[in-house]
Structures are given as C-alpha cells and as structure tokens.
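Participant: Numbering (the UniProt record's numbering), first residue to last: 1 to 245.
Got a structure for you, written out below as structure tokens; questions coming shortly.
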Amino acid sequence: KFKKVETWFRHRRAQDRPRLMKKFCEASWRFIFYFTSFFSALALLYDVSMSAGRHCDPLLPALGWFYLLELSFYCSLVATLPFDVKRKDFKEQIIHHIATITLIFVSYCANLIRFGMIVMLVHDASDYILELAKMLHYMKWKRVCEAVFVVFAVVFISSRLVIFPLITYYYFVTKFQMFLLSCLINAFLMILQLLHIFWSYLILQMVFGIHSDSCMPAGKGWEKWDYSKKKNKKKNSPRASEGTW
C-alpha cells in the first residue's frame, strides 16, 4: 500500500509539471511577437527626428497604433501570468510588467511616443533571441541553444546595462524638461534598471555554467533556468526546485 501511495504521488506531481509542448508554444508565440516588434520599431523609427521640442508635433498614426499594440501585449502578459509556466522570478516579472505598462501609458499621454519606442526597441533587441534559445532547448538542440544563449547574453548586457542607461536614459533626462512627468518616468526607468542588473547577474551565472558544463539553459534569464537534471550535484551548484524558465 505504501508503494502504491508513493507511486500515485509521483505520477500526480508529474502531471502538475508544465508539459514541454506548452512551454514550446509559449516561447514560440513570444518569439514571433518580439521579433516582429523589434524590426517593426526599427522601420517606424528610421530617419525620425528625436530632437528636443518635437514631442508636441503631430504623431504619425503608425506610431500610435504600434504603441497601443505594445500596451495591449504587456497587459495580456499580466492577465495570463497566473496561467503561464511558473518561474522563479515571478514577482520580478510582475514588477517589470507593471512598470512597463505605466511607462507606456504615461509616455503616450505626454506624447513622448518616439522616446518610448526607443526604450522598447532597446528592450526588444534581446527578447526574441532569448525566446529562440528556449525553443532550441525544448527541441533538444543543446549546442545551438548554448551558442544562441551566449549571443543573447551579449546583446542583453550591452543593451540593458550600456545603451539603456548611458544613451536612452541620459537623453531623456537632458532633453525633456517636464518636472512632474520626469520624476515619475525616472522612477520607473530606475526600477527597470534595477531589474536589468538582477537579470544580468542570473544570465552571467548561466553563461559561466554553460562554460563549465555544470548546468544547462532552460529559460529566460529574465525568467528561469532548469537545474533539475543537476539536483544530485554538490550543494554549492546552482539549482531550482521546479526547474522552469
């Protein structure tokens, strides 16, 4: 009887784990959106003036529609979080989505859409690469997955820790002189930057783990890594209880 109960619990726990197909589909549709969003933003912002004082100029309809599409996407991410694959950085994801939605809404009301699109462009530059790495991991293409993940790490750190604070953030602080809006937007930009530092730390851990062959990538550094195959390793090795990203 004891063995039967143990077997039942083992099968029940296996049923609760997210299936590979569900995780693959989730990564696939996000890859399609981030890829389309990034290159669409590049096309829309091509040769668009970003000089100070132009934020009150009439807005091109295409920019407005693109902005609303981004807003609806992040709202959908918040709505579907309870149903998505659970990840270790669940709380950080909620903070990130709320900060992003607030920034999109405030910048839209202030007609700072051109600046907002540059911020989103910097963020989307690495997201679609990560989703591609996740898809490759679920397909068991280990070597290709690791190579793509290293590319993602380089793009993520360069865009989030270099371009974002030193160019985008500096440009906003020096060019736009709207005190109340500046304080609000600066606060949420700082929240995003703190999250970038946190996720960069996780990504670097993952990159060094790949290099030392001590762990294997499983998900968004932005989200989580799968250490379930290493749970019998020595205590100081990185691992996660549920192993999802």
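A virtual CB, placed ideally from N, CA and C, is assigned to each residue, including glycine.
Here the structure is a predicted model, which is why all the values come from computation and not from measurement.
DSSP three-state call for TYR128: helix, strand or coil?
Facilitator: In the sequence shown, residue 128 corresponds to position 128, counting from 1. DSSP places TYR128 in helix when its eight states are reduced to three.
Participant: Candidates ILE94, PHE39, PRO165 and LEU184: which alpha carbon is nearest PRO82's?
Facilitator: If you number the sequence shown from 1, residue 82 lands on position 82. Residue ILE94 is the option with its Cα nearest to PRO82.
Participant: Taking the alpha-carbon positions, what's the SER76 to ILE167 distance?
Facilitator: The count along the sequence shown starts at 1 and reaches residue 76 at position 76. The count along the sequence shown starts at 1 and reaches residue 167 at position 167. In a straight line, the C-alpha of SER76 is about 29 Å away from that of ILE167.
Participant: My guess is that LEU161 and HIS123 are in contact by the Cβ rule of under 8 Å, so how many angstroms apart are they, rounded?
Facilitator: Translated into positions along the sequence shown, residue 161 becomes position 161. Translated into positions along the sequence shown, residue 123 becomes position 123. In fact, because the Cβ distance is near 12 Å, the residues do not count as touching under 8 Å.
Participant: I need the DSSP call for ARG87, collapsed to helix, strand or coil.
Facilitator: Here residue 87 corresponds to residue number 87 of the sequence shown, with the count starting at 1. Coil, per DSSP.
Participant: Hey, how far is the Cα of LEU180 from the Cα of CYS109?
Facilitator: Taking the sequence shown and counting its residues from 1, the one referred to as residue 180 is at position 180. Taking the sequence shown and counting its residues from 1, the one referred to as residue 109 is at position 109. Roughly 13 Å between the two C-alpha positions.
Participant: Would you mind sorting residue 278 into buried or exposed? The rule is 16 or more other CB atoms within 10 Å of its CB.
Facilitator: This structure cannot speak to residue 278, because the chain is shown only from 1 to 245.
Participant: With a threshold of 8 Å, are at least 3 pairs of Cβ atoms found where one atom belongs to the stretch 99 to 116 and the other to the stretch 17 to 30?
Facilitator: No, the stretch 99 to 116 is not in contact with the stretch 17 to 30.
Participant: Going by Cα to Cα distance, which pick from TYR128, LEU130 and CYS145 is closest to LEU136?
Facilitator: Residue mapping note: residue 136 aligns to position 136 of the sequence shown, counting from 1. Here the closest residue by C-alpha is CYS145.
Participant: Flag this pair as yes or no: are the beta carbons of ALA125 and SER159 separated by less than 9 Å?
Facilitator: In the sequence shown, residue 125 corresponds to position 125, counting from 1. In the sequence shown, residue 159 corresponds to position 159, counting from 1. Result yes, Cβ atoms of ALA125 and SER159 sit closer than 9 Å.
Participant: Going by DSSP, what residue range makes up the alpha helix (DSSP H) through ILE32?
Facilitator: The residue given as residue 32 occupies position 32 in the sequence shown. Where ILE32 is concerned, the enclosing alpha helix (DSSP H) stretches over 20 to 45.
Participant: In its own chain, which residues sit with a C-beta less than 6 Å from the C-beta of SER37, not counting the 5 before and 5 after it?
Facilitator: Taking the sequence shown and counting its residues from 1, the one referred to as residue 37 is at position 37. Answer for SER37: ASP124, listed in chain order.
Participant: CB-CB under 8 Å to ILE101, same chain, minus the five flanking residues each way: which ones, in chain order?
Facilitator: Taking the first residue of the sequence shown as position 1, residue 101 is located at position 101. Cβ within range, chain order: LEU71, TYR74, CYS75 and VAL78.
Participant: CB-CB under 6 Å to TRP222, same chain, minus the five flanking residues each way: which ones, in chain order?
Facilitator: The sequence position of residue 222 within the sequence shown is 222, counting from 1. Its pLDDT being 38, under 50, TRP222 is placed unreliably in this model, and the coordinates cannot settle the point.
Participant: Suppose the cutoff is 8 Å on Cβ atoms and the five residues either side in sequence are ignored; what does the same chain contact list for ALA62 look like?
Facilitator: For the purposes of this step, residue 62 is taken as residue 62 along the sequence shown, with counting starting at 1. So the qualifying residues of the chain are LEU44.
Participant: Which residues in the same chain as SER182 place their Cβ atom closer than 6 Å to its Cβ, once the five residues preceding and following it in sequence are excluded?
Facilitator: As a position in the sequence shown, residue 182 is number 182, starting the count at 1. Here the set comprises nothing.
Participant: Tell me whether ILE104 is buried or exposed, calling it buried when 16 or more other Cβ atoms sit within 10 Å of its Cβ.
Facilitator: Within the sequence shown, residue 104 is the residue found at index 104, counting from 1. Buried.
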